[in-house]
Amino acid sequence: MTVLAYEIMTPSIKAVPQAWTMDRLARFLIDNEITGSPVTNDQGDIVGIVTLKDITEFRWNANRSETDNRLTPEEEEEARRLRMFIFEEMSKVPVEVRDIMTPSVLSVDEQTPVHDIADIMMREHLHRIFVKKDKKITGIITTYDMLKLISDKELMQRCAL
Numbered sequence: 001m002t003v004l005a006y007e008i009m010t011p012s013i014k015a016v017p018q019a020w021t022m023d024r025l026a027r028f029l030i031d032n033e034i035t036g037s038p039v040t041n042d043q044g045d046i047v048g049i050v051t052l053k054d055i056t057e058f059r060w061n062a063n064r065s066e067t068d069n070r071l072t073p074e075e076e077e078e079a080r081r082l083r084m085f086i087f088e089e090m091s092k093v094p095v096e097v098r099d100i101m102t103p104s105v106l107s108v109d110e111q112t113p114v115h116d117i118a119d120i121m122m123r124e125h126l127h128r129i130f131v132k133k134d135k136k137i138t139g140i141i142t143t144y145d146m147l148k149l150i151s152d153k154e155l156m157q158r159c160a161l
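Read in order, the letters of the sequence shown correspond to residues 1 to 161 in the UniProt record's numbering.
Here's what the structure looks like:
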C-alpha cells in the first residue's frame with residue numbers, strides 16, 4: 001500500500017501576513033525554528049511562500065552589484081558609497097514580506113503518493129510543498145517530513161511496494 005501525502009504532511013501551518021516586515025518575518029522564523037512559511041493576504045488565503053533564502057538574497061542584492069568587477073577602484077568606492085546611501089534610505093521604509101516572497105504556490109492533493117511528491121520536489125528544487133483537499137490547503141510537506149518518512153521503517157516498507 002502506497003504512502004500518501006496526508007499520512008506524512010504537517011497539518012499545522014504557520015503562515016505569515018504579507019504585510020509583515022522582513023525583520024518581523026526573520027524573528028518569526030527564528031523563534032519557530034523554521035526556514036520558510038506560507039504567506040497570506042488580508043482574507044487569509046495563501047498567496048505565496050517566503051523563506052530565509054529570500055531574506056538572504058534581498059540583503060545580498062542590496063549590497064552587491066554585478067558591475068563591481070568592471071569598475072576602477074575609484075568607481076568601486078563611489079558605487080559602494082552610493083549603495084550604502086541608498087540602502088540606508090531604503091531601510092527607513094520597511095521591506096514587507098510581499099516584496100520578497102515567491103508568489104507561486106505549488107501543491108499536491110492529499111491522495112498523492114509520496115514518490116510523486118518527491119519527484120516534484122526534486123524537479124522543482126523545492127524544500128516544501130502544500131497539500132490540498134478540495135482546493136483547500138490542509139497541510140505542508142517539507143524535506144524534514146520526507147526524512148521522517150525514511151526513518152519510519154513501516155512507512156519505508158510501504159514505499160518500497
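Beta carbons: idealized from backbone N, C-alpha and C, even for Gly.
What three-state label does DSSP hand residue 94 in the structure shown?
coil
With H, G and I counted as helix, E and B as strand and the rest as coil, what does DSSP make of residue 120?
DSSP places residue 120 in helix when its eight states are reduced to three.
Let me know the alpha helix (DSSP H) ranges lying completely inside the UniProt domain "CBS" (9 to 66), each 4 residues or longer, listed in chain order.
22 to 31 and 52 to 63
With distances taken from CA atoms, which of 141, 128, 154 and 50 is nearest residue 23?
50
Runs of beta strand (DSSP E) wholly within the UniProt domain "CBS" (101 to 158) (minimum 3 residues, chain order):
107 to 109, 128 to 133 and 136 to 142
In whole angstroms, what is the alpha-carbon distance linking residue 55 and residue 9?
25 Å
Run through the DSSP bridge pairs and tell me what residue 4 is partnered with.
113
Rounded to whole angstroms, how far is the Cβ of residue 149 from the Cβ of residue 155, which I believe are closer than 8 Å?
5 Å
Can you look up residue 82 in the DSSP assignment and give me helix, strand or coil?
helix
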